[in-house]
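Below is one structure, written out as structure tokens; the observations come after it.
Protein chains: 2
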Amino acid sequence: MTTVAPGPLVAPDVAITAPALSDGLDTPCAVVDLDRLERNIARMQASADRSGVSLRPHAKTHKSVKVAELQLAAGAHGLTVGTLGEAEVFADKGVADLFLAYPIWASDAKARRIRELHERVALRVAVDSVEGAEALGRAAAGSTRPLEVLVELDCGGHRTGARLDEAVAIARAADRAGLRTIGVMTYGGHAYAGREAIVPAGADEVKVVSRAADLLRAAGFEIAVLSVGSTPTASLPVPAPVTEVRPGTYVYHDRGQVWLGSCEPDDIAFWIATTITSVAVPGQAIVDAGAKAFARDTLRAAPGLGLGLLPTLPGVLREVNDYHGYVEPRGPTRGRPGEVLPLAPNHVCPVVDHYAETVMVRAGRVVDVWAVDARGRSR
Amino acid sequence: MTTVAPGPLVAPDVAITAPALSDGLDTPCAVVDLDRLERNIARMQASADRSGVSLRPHAKTHKSVKVAELQLAAGAHGLTVGTLGEAEVFADKGVADLFLAYPIWASDAKARRIRELHERVALRVAVDSVEGAEALGRAAAGSTRPLEVLVELDCGGHRTGARLDEAVAIARAADRAGLRTIGVMTYGGHAYAGREAIVPAGADEVKVVSRAADLLRAAGFEIAVLSVGSTPTASLPVPAPVTEVRPGTYVYHDRGQVWLGSCEPDDIAFWIATTITSVAVPGQAIVDAGAKAFARDTLRAAPGLGLGLLPTLPGVLREVNDYHGYVEPRGPTRGRPGEVLPLAPNHVCPVVDHYAETVMVRAGRVVDVWAVDARGRSR
């Protein structure tokens, strides 16, 4: 794995290579290189094993039962999900250990779904407020056993998560509401600020869950799970007392992870195959991957470098309309209509929801087509 | 309809009102107000009728058979689509007159689909290059009748479309390839540069298709269709010799159209219902509409005003992660967990693909749930 040493950013784009795509693809489509996928899964599992922590991959990146099965077969302990709908899809396909790492609001509309899911799989849910815990408790009332929760703490990412001094009050509210507090979790999203931010953000994650666990244990709670981690921070050694990491993006990687140094430039497993459809307007090429086939994410470190990388056509994917990607060539060529290009997303996770299936290739041959089972299950 | 007079932009956000959403929605979900939808459809049809042109709505905005049926019942002549996959979905549901307004590259993978679709519905396809016409001709070879094409011209939007002086060569190539050139088309995307740009862009559309039709007729082609129009330009009177307009967004409208003056602030029919899930981190509220439930589009005229509008919670939706929307409140309140907010997209078209269905409401009551039939049919 790349050493994530602090230092100035170089331009990793030049080293990024696409795997061989199959001929004859019907574009735009999502293509996953199986060799790279398997390597990414093995590597993160080895990293978690070396650290002595459980790996509970976030399924948001693939939303695929078959990819989840590879992760579980390699040694992962359950899955992380972001919505009830994702949890339901994986539960339907036999994944029986699910952590919903999001402080969902247990509305009346969600209450029945929560109870139903809780009765048939091992479900854990994040909570980051007293009111949220109370609502979740009402939703789970009448269950045959307590629903387990993890108190979410903010460790510097400033997204969700309570302050340390609120942890005990939230856990007590959860207990009063009939839930069982079994752990603490955090997400150091500030690792994405740049290479230099990863080591400190990882340290923040460890520090906050350690302290929260201490506070909760002192208040009488049995804390079994200390859960942290994004792809950048989980790629580093993760020390005790952390028990679990939840990276997601590592399974496919993307241009953003290459820029962060979380993977090698030839680790990107997920690509869009896109075709040049028009070079009628001078100075640009139009590709068939637009806003309905892609997601508008820029590189945090280099927003001027466009919405994705096209390694075989030097240029910038500078804009997308619904069906049109605008490529501004850097060199003398702008390609020819009909040319198929591999396109690496800057951030793969929201792109996956645009596709019902991924074309699985190995050494440039299509070997299978896998469903994106939980596509669009956003609630 | 709003008069689209040139003039300085005011801040239309303050006038935007959400329709009454139903209680008890399971969020995030897409909600369409039927009264507004019907009004939008009737108004654009009346506008086309006054201009004496056919309305062929672009189905990309709704991707819904039921919405298309409302448009057709109101007087629309066929539908416009952006991909073969969309065309196939509407053809399967009985829409027999379809214009694929995109210069698709007729690869081997698409050739069978093109032939099959051409045999069962009235299909027209855009072409903007000699090579593209030749490939399309090869794809349609052996059909029982010629496939009809429209030559696409660039009128200033600089996306796709040939130059005027290329039109005859493209039409001749199409003829040689066994296609039949029946018309010309353009899209004045530069209307979206701002209110002041709409009238000139509309004039550019008319000018370019008029000249192209003259050139092609002089070369011996029978040109029956002169097709133009986006929601901003088609909302204005469209003069002869134009025969057809293809607006899409008008059916739902969005915050961007309000800013352009293409609709009134109470015309937005499509909303995301989203719930505040966390206010744990000071100074912000987190809503459950993130990058997997929404699209990252800013207002061209005011990119600092965030990724969408929340009329009931004054503030800026400044960022999205996969499951998290970050709202920075402008006023003293940042809402409370569990509060459901209506969220207007800046640009509705790519958002629709995130949802399998739309909840149809009238006067705040759920009256039906409609499928987004062609969701994700991006190829």
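Same order as they appear, the protein sequences are chains A and B.
Using the numbering used here, the first residue of the first sequence is number 9, and each one after it goes up by one.
Using the numbering used here, the first residue of the second sequence is number 9, and each one after it goes up by one.
From the three backbone atoms N, C-alpha and C, an ideal C-beta is built for every residue, glycine too.
Contact set between residue i and chain B, taken where Cβ atoms lie within less than 7 Å
{"i": "Ala170 (chain A)", "result": "Ala288"}
{"i": "Ile112 (chain A)", "result": "Thr285"}
{"i": "Pro358 (chain A)", "result": "Ala299, Lys300 and Asp330"}
{"i": "Ala143 (chain A)", "result": "Gly346"}
Spatially closest choice to residue i from the options, by CA coordinates
{"i": "Gly339 (chain B)", "options": "B:Arg254, B:Leu318 and B:Met368", "result": "B:Leu318"}
{"i": "Glu336 (chain A)", "options": "B:His166, B:Ala170 and B:Val367", "result": "B:His166"}
{"i": "Leu63 (chain B)", "options": "B:Val259, B:Ile294 and B:Val356", "result": "B:Val259"}
{"i": "Leu78 (chain A)", "options": "A:Val103, A:Gly164, A:Glu94 and A:Val89", "result": "A:Val103"}
{"i": "Gly291 (chain B)", "options": "B:Asp43, B:Trp279 and B:Thr341", "result": "B:Thr341"}
{"i": "Asp222 (chain B)", "options": "B:Ala179, B:Ala297 and B:Ala199", "result": "B:Ala179"}
{"i": "Ala119 (chain B)", "options": "A:Ala382, A:Asp34 and A:Gly228", "result": "A:Asp34"}
{"i": "Cys357 (chain A)", "options": "B:Cys357, B:Leu349 and B:Ala301", "result": "B:Ala301"}
{"i": "Gly202 (chain A)", "options": "A:Gly93, A:Gly86, A:Asp21 and A:Gly269", "result": "A:Gly269"}
{"i": "Thr194 (chain A)", "options": "A:Ala81, A:Glu204, A:Arg263 and A:Val133", "result": "A:Val133"}
{"i": "Asp162 (chain A)", "options": "A:Arg146, A:Ala185, A:Gly196 and A:Asp183", "result": "A:Gly196"}
{"i": "Val380 (chain B)", "options": "B:Leu42, B:Arg58 and B:Val97", "result": "B:Val97"}
{"i": "Gly191 (chain B)", "options": "B:Thr239, B:Asp31 and B:Val250", "result": "B:Val250"}
{"i": "Val348 (chain B)", "options": "B:Ser115, B:Leu321 and B:Val369", "result": "B:Leu321"}
{"i": "Gly298 (chain B)", "options": "B:Pro245, B:Phe278, B:Glu272 and B:Leu325", "result": "B:Leu325"}
{"i": "Arg47 (chain B)", "options": "B:Ile276, B:Ala293 and B:Gly90", "result": "B:Ile276"}
{"i": "Ala209 (chain A)", "options": "A:Thr239, A:Val22 and A:Leu187", "result": "A:Thr239"}
{"i": "Arg58 (chain B)", "options": "B:Pro245, B:Trp279 and B:Asp361", "result": "B:Pro245"}
{"i": "Arg370 (chain B)", "options": "B:His198, B:Pro273 and B:Arg44", "result": "B:Arg44"}
{"i": "Ala242 (chain B)", "options": "B:Leu313, B:Cys271 and B:Glu127", "result": "B:Cys271"}
{"i": "Glu230 (chain A)", "options": "A:Pro247, A:Ala205, A:His198 and A:Asp183", "result": "A:Asp183"}
Contacts of residue i in chain A (Cβ-Cβ under 7 Å)
{"i": "Leu4 (chain B)", "result": "Absent from the structure is residue 4 (chain B), since the part of chain B shown begins at 9 and ends at 387."}
{"i": "Ala50 (chain B)", "result": "Neighbours of Ala50 (chain B) on chain A: none; closest Cβ ~25 Å, over 7 Å."}
{"i": "Ile294 (chain B)", "result": "Arg167 and Thr168"}
{"i": "Gly90 (chain B)", "result": "Asp330 and Tyr331"}
{"i": "Asp136 (chain B)", "result": "Ser286 and Ala288"}
Partner residues on chain A for residue i, Cβ-Cβ distance less than 8 Å
{"i": "Asn329 (chain B)", "result": "Arg167 and Gly197"}
{"i": "Ala364 (chain B)", "result": "Gly384"}
{"i": "Glu139 (chain B)", "result": "Arg344, Pro345 and Gly346"}
{"i": "Gly162 (chain B)", "result": "Looking at the sequence shown, residue 162 (chain B) is not Gly but Asp. Within chain A, the residues near Asp162 (chain B) are Ala288 and Val289."}
{"i": "Glu361 (chain B)", "result": "Looking at the sequence shown, residue 361 (chain B) is not Glu but Asp. Those within 8 Å of Asp361 (chain B) in chain A are Lys300 and His362."}
Cross-chain neighbours of residue i in chain B, by beta carbon under 9 Å
{"i": "Lys215 (chain A)", "result": "Residues of chain B passing the Cβ test: none, with the nearest at roughly 17 Å."}
{"i": "Asp305 (chain A)", "result": "Ala299 and Arg304"}
{"i": "Lys68 (chain A)", "result": "Lys300, Asp330 and Tyr331"}
Check whether residue i and residue j have beta carbons under 7 Å apart
{"i": "His189 (chain A)", "j": "Val157 (chain A)", "result": "In the sequence as presented, His is not what sits at residue 189 (chain A); that position holds Thr. Yes."}
{"i": "Thr88 (chain A)", "j": "His66 (chain A)", "result": "yes"}
{"i": "Val73 (chain B)", "j": "Lys101 (chain B)", "result": "yes"}
{"i": "Thr168 (chain B)", "j": "Ala288 (chain A)", "result": "yes"}
{"i": "Ala76 (chain B)", "j": "Ile49 (chain B)", "result": "no"}
{"i": "Glu252 (chain B)", "j": "Val61 (chain B)", "result": "yes"}
{"i": "Ala141 (chain B)", "j": "Ala185 (chain B)", "result": "yes"}
{"i": "Val266 (chain A)", "j": "Thr282 (chain A)", "result": "no"}
{"i": "Trp113 (chain A)", "j": "Pro350 (chain B)", "result": "no"}
{"i": "Pro353 (chain B)", "j": "Gly316 (chain B)", "result": "yes"}
{"i": "Arg385 (chain A)", "j": "Gly93 (chain A)", "result": "yes"}
{"i": "Ala117 (chain B)", "j": "Gly32 (chain A)", "result": "yes"}
{"i": "Pro20 (chain B)", "j": "Thr285 (chain A)", "result": "no"}
{"i": "Leu144 (chain A)", "j": "Leu106 (chain A)", "result": "no"}
{"i": "Lys68 (chain A)", "j": "Gly90 (chain A)", "result": "yes"}
{"i": "Gly228 (chain A)", "j": "His355 (chain A)", "result": "no"}
Contacts that residue i makes with chain B (C-beta to C-beta distance below 8 Å)
{"i": "Pro36 (chain A)", "result": "Ser386 and Arg387"}
{"i": "Arg184 (chain A)", "result": "Residues of chain B passing the Cβ test: none, with the nearest at roughly 17 Å."}
C-beta neighbour in chain D for residue i, strict 7 Å
{"i": "Ala299 (chain A)", "result": "No chain D appears in this structure, whose protein chains are A and B."}
Legend entry - Segment contact flag, the stretch 46-57 of chain A with the stretch 302-313 of chain A, C-beta cutoff 8 Å, min 3 pairs: no
Legend entry - In chain order, each beta strand (DSSP E) run of at least 3 residues that lies wholly inside the stretch 283-308 of chain A: 293-295
Inset, instruction - Examine the Cβ distances between the stretch 143-151 of chain B and the stretch 114-132 of chain B and report whether three or more of them are shorter than 8 Å. - result: Here the stretch 143-151 of chain B makes contact with the stretch 114-132 of chain B; the two share three or more CB pairs at distances below 8 Å.
Inset, instruction - Only counting runs of 3 or more residues, tell me where the beta strand (DSSP E) segments fall wholly within the stretch 24-48 of chain B, in order along the chain. - result: 37-41
Inset, instruction - Report yes or no: do three or more beta-carbon pairs, one from the stretch 128-138 of chain B and one from the stretch 171-178 of chain B, lie closer than 8 Å? - result: yes
Legend entry - Sufficient close CB pairs (3 or more, under 8 Å) joining the stretch 24-33 of chain B to the stretch 217-227 of chain B: no
Inset, instruction - Report the residue ranges of all alpha helix (DSSP H) runs contained in full by the stretch 68-155 of chain A; include only those spanning at least 4 residues, in chain order. - result: 73-81, 92-100, 116-128 and 138-148
Inset, instruction - Could you tell me whether the stretch 352-370 of chain A touches the stretch 32-41 of chain A, using the rule of 3 or more Cβ pairs below 8 Å? - result: yes
Legend entry - Given 8 Å, three or more beta-carbon pairs between the stretch 368-386 of chain A and the stretch 319-331 of chain A: No, because fewer than three Cβ pairs between the stretch 368-386 of chain A and the stretch 319-331 of chain A fall closer than 8 Å, the two stretches do not touch.
Legend entry - 4-residue-minimum alpha helix (DSSP H) runs that sit fully inside the stretch 170-252 of chain A, ordered along the chain: DSSP runs (the alpha helix (DSSP H)) wholly in the stretch 170-252 of chain A: 175-184, 203-226 and 239-242.
Inset, instruction - May I have a chain-ordered list of the alpha helix (DSSP H) segments no shorter than 4 residues that lie completely inside the stretch 307-362 of chain B? - result: Entirely contained in the stretch 307-362 of chain B, the alpha helix (DSSP H) runs reaching 4 residues are, in chain order, 357-360.
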